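Residue numbers (full-length UniProt numbering): 1 to 405.
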């Protein structure tokens with residue numbers, strides 16, 4: 001199969017040369033367009049009569065080779081990396097997805113006939129890291145995915161670990177080879193060293209731990225996931241300080257589902273709660289749902305009071321009133337105060353509705369005297385608000401039989 005490799009990469013190089021290199025001074029948007037056309041041609045695996053066993057490997061090889069050609073073009077072009085990323089994002093996204101899909105269809109176990117091609121392919125993959133420039137994050141993710149799913153032979157991984165360590169020592173702390181070394185340490189089972197290196201690289205790179213969490217989650221390695229979760233929570237605040245508002249939202253939604261499932265599997269709801277608190281205010285609804293589902297009504301009401309999250313559904317309020325009504329007392333007291341402060345009749349009517357609910361709870365708790373004292377003080381405090389007093393009368397809170405006031 002070694003000959004196959006050379007034919008595949010030569011064909012990729014030929015397409016790139018004819019469709020892009022021969023067209024001088026192309027702007028990035030045309031590189032994106034011609035790159036998509038090259039992908040269509042490469043995906044016609046019938047060109048080499050690729051059999052089912054080889055099909056996924058063929059797609060990985062030609063996509064990696066195309067990436068290598070693109071990176072070379074980016075490096076020598078007069079355009080900034082930001083311009084290139086803005087205009088060629090569609091092309092890179094499709095390449096990334098195509099490689100992911102191909103990895104998902106690799107035969108298991110991997111046939112030994114793959115070994116000669118993998119020996120050569122890993123050198124092209126290394127070259128992607130040396131060509132450090134545009135789409136650095138995407139390239140690193142592709143590197144990780146290939147070593148996680150394709151290059152699984154111990155011999156290859158040991159050699160790559162040694163190579164990555166030596167290369168990382170020669171570069172800066174933010175070079176791609178620092179990340180590659182971190183990945184290889186993790187795959188070698190040296191998790192503590194991998195996390196220590198991630199910490200040294202800097203808070204702005206903490207999100208790479210999500211790759212490791214995905215790895216453990218897929219294998220249901222909950223002990224490993226716990227260690228990573230604790231590390232993430234410990235460094236989360238510093239990481240969030242380095243990213244934009246929109247990135248924070250995206251980051252949370254990328255980890256929420258796995259974290260929640262992890263908590264269900266292990267009972268480590270404390271870690272999930274810490275994550276939700278650390279990610280506030282992006283987790284307002286998730287936190288309120290979490291406390292409600294866990295029947296932690298006191299925490300739910302405290303959170304609502306502190307966060308100014310004003311909405312609790314009627315179903316939630318009814319459930320709490322049925323099971324733990326005492327926790328609703330501060331909630332309704334605050335609602336009443338806020339409604340009265342608006343000083344208009346519509347809000348006064350709203351305040352009366354809350355007062356009725358509050359009175360019901362006091363009665364249920366057999367604390368009618370506290371209700372009477374509270375309501376008398378409220379009427380005294382609002383005696384100049386004639387419209388509010390009128391609404392209390394209409395609501396039969398004043399001069400109602402068996403009521404003190």
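Glycine included, every Cβ here is placed at the ideal spot set by N, Cα and C. Since we're looking at a predicted model, the values are computed, not measured.
Residue 102 beta carbon less than 8 Å from that of residue 56: In the chain shown, counting from the first residue as 1, residue 56 sits at position 56. In the chain shown, counting from the first residue as 1, residue 102 sits at position 102. Yes, the pair counts as a contact, with Cβ atoms nearer than the cut-off.
Proximity below 8 Å, CB of residue 298 to CB of residue 327: Residue 298 sits at position 298 when you count from the first residue of the chain shown. Residue 327 sits at position 327 when you count from the first residue of the chain shown. Yes, Cβ-Cβ distance for residue 298 and residue 327 is below 8 Å.
CB-CB length for residue 206 against residue 239, believed under 8 Å: Along the chain shown, read from residue 1 onward, the residue named residue 206 stands at position 206. Along the chain shown, read from residue 1 onward, the residue named residue 239 stands at position 239. Correct: roughly 4 Å between the Cβ atoms.
Simplified DSSP state of residue 280, which is helix, strand or coil: Your numbering for residue 280 matches position 280 in the chain shown. If DSSP states are grouped into helix, strand and coil, residue 280 belongs with coil.
Cβ-based burial, residue 306 [other Cβ within 10 Å; buried from 16]: As a position in the chain shown, residue 306 is number 306, starting the count at 1. That one is exposed.
Length of the line joining the Cα atoms of residue 62 and residue 124: Looking up residue 62 in the chain shown gives position 62. Looking up residue 124 in the chain shown gives position 124. Residue 62 and residue 124: Cα-Cα distance of roughly 10 Å.
Residue 273, DSSP secondary structure in three states: By one-based count along the chain shown, residue 273 stands at place 273. Three-state DSSP puts residue 273 in a helix.
Backbone CA spacing between residue 69 and residue 275 [nearest angstrom]: By one-based count along the chain shown, residue 69 stands at place 69. By one-based count along the chain shown, residue 275 stands at place 275. Roughly 41 Å separates the two Cα atoms.
Terminal residues of the alpha helix (DSSP H) in which residue 32 lies: For the purposes of this step, residue 32 is identified with residue 32 of the chain shown, where counting begins at 1. Its alpha helix (DSSP H) spans residues 28 to 42.
Reference residue 127; option with closest CA among 152, 77, 100 and 164: On the chain shown, residue 127 is found 127 positions in, with the first residue counted as 1. Residue 127 has its Cα closest to that of 164, out of 152, 77, 100 and 164.
Residue-chain proximity (residue 21, chain D), Cβ-Cβ < 8 Å: The structure shown contains no chain D; it is built from a single protein chain.
Coil, strand or helix - residue 190 by DSSP: Taking the first residue of the chain shown as 1, we reach residue 190 at position 190. Residue 190: coil per DSSP, three-state reduction.
Limits of the alpha helix (DSSP H) - the one that residue 249 falls within: Locating residue 249 in the chain shown gives position 249, counting from the first residue. Residue 249 -> alpha helix (DSSP H) spans 245 to 266.
Residue 355 to residue 332 span [Cα, whole Å]: Along the chain shown, one-based indexing puts residue 355 at 355. Along the chain shown, one-based indexing puts residue 332 at 332. It is roughly 8 Å from the alpha-carbon of residue 355 to the alpha-carbon of residue 332.
Helix, strand or coil at residue 107 [DSSP, three-state]: If you number the chain shown from 1, residue 107 lands on position 107. Coil at residue 107, not helix or strand.
Other residues of its chain near residue 79: CB distance less than 8 Å, five sequence neighbours each side excluded: Your numbering for residue 79 matches position 79 in the chain shown. Once the five neighbours on either side are set aside, the close Cβ partners of residue 79 are 27 and 28.
Contact belief for residue 387 with residue 353 at Cβ below 8 Å, rounded distance in angstroms: The residue given as residue 387 occupies position 387 in the chain shown. The residue given as residue 353 occupies position 353 in the chain shown. Not a contact, Cβ separation roughly 15 Å.
Assigned exposure category for residue 244 - 16 Cβ within 10 Å defines buried: For the purposes of this step, residue 244 is taken as residue 244 along the chain shown, with counting starting at 1. With fewer than 16 other Cβ atoms from the protein chains shown falling within 10 Å of its own Cβ, residue 244 counts as exposed.
Other residues of its chain near residue 198: CB distance less than 6 Å, five sequence neighbours each side excluded: Position 198 of the chain shown, counted from the first residue, corresponds to residue 198. For residue 198, where only same-chain residues beyond five positions count, the Cβ hits under 6 Å are 182.
Proximity of residue 361 and residue 330 at Cβ, strictly below 8 Å: Taking the first residue of the chain shown as 1, we reach residue 361 at position 361. Taking the first residue of the chain shown as 1, we reach residue 330 at position 330. No.
Status (buried if at least 16 other CB within 10 Å, exposed otherwise) for residue 267: As a first step, residue 267 is located in the chain shown; it is residue number 267 there, counting from the start. Burial call: exposed.
Whole-Å CB distance - residue 96 paired with residue 38, under 8 Å assumed: Along the chain shown, one-based indexing puts residue 96 at 96. Along the chain shown, one-based indexing puts residue 38 at 38. Actually they are not in contact, since the Cβ atoms of residue 96 and residue 38 sit about 15 Å apart, beyond 8 Å.
Outcome for residue 288 when other beta-carbon atoms lying within 10 angstroms are tallied against a minimum of 16: Locating residue 288 in the chain shown gives position 288, where the first residue counts as 1. Around the CB of residue 288, 16 or more other CB atoms lie within 10 Å, so the residue is classed as buried.
Residues of its chain near residue 284, where Cβ-Cβ distance is below 8 Å and the 5 sequence neighbours each way are ignored: Position 284 of the chain shown, counted from the start, is the residue given in the question as residue 284. Result list for residue 284: 307 and 309, in chain order.
Cβ-Cβ distance between residue 147 and residue 187 below 8 Å: Here residue 147 corresponds to residue number 147 of the chain shown, with the count starting at 1. Here residue 187 corresponds to residue number 187 of the chain shown, with the count starting at 1. Judged by their CB atoms, residue 147 and residue 187 are nearer to each other than the 8 Å cut-off.
Through-space distance from residue 84 to residue 71, alpha-carbon basis: As a working mapping, residue 71 is identified with position 71 in the chain shown. As a working mapping, residue 84 is identified with position 84 in the chain shown. About 10 Å.
Nearest-angstrom beta carbon gap, residue 75 and residue 150 [assumed within contact, 8 Å]: The count along the chain shown starts at 1 and reaches residue 150 at position 150. The count along the chain shown starts at 1 and reaches residue 75 at position 75. Rounded, the Cβ-Cβ distance is 25 Å, inconsistent with contact.
Pairwise C-alpha distance: residue 225 and residue 104: As a first step, residue 104 must be located in the chain shown, where it is residue number 104. As a first step, residue 225 must be located in the chain shown, where it is residue number 225. Residue 104 and residue 225 have their C-alpha atoms spaced approximately 22 Å apart.
Proximity to residue 66 [Cα-Cα], best of 40, 374 and 144: For this step, residue 66 is matched to residue 66 along the chain shown. Taking only the C-alpha atoms, the option nearest residue 66 is 40.
Where residue 343 falls, given that 16 or more other Cβ within 10 Å makes a residue buried: The residue labelled residue 343 in the question sits at position 343 within the chain shown. Classification for residue 343: exposed.
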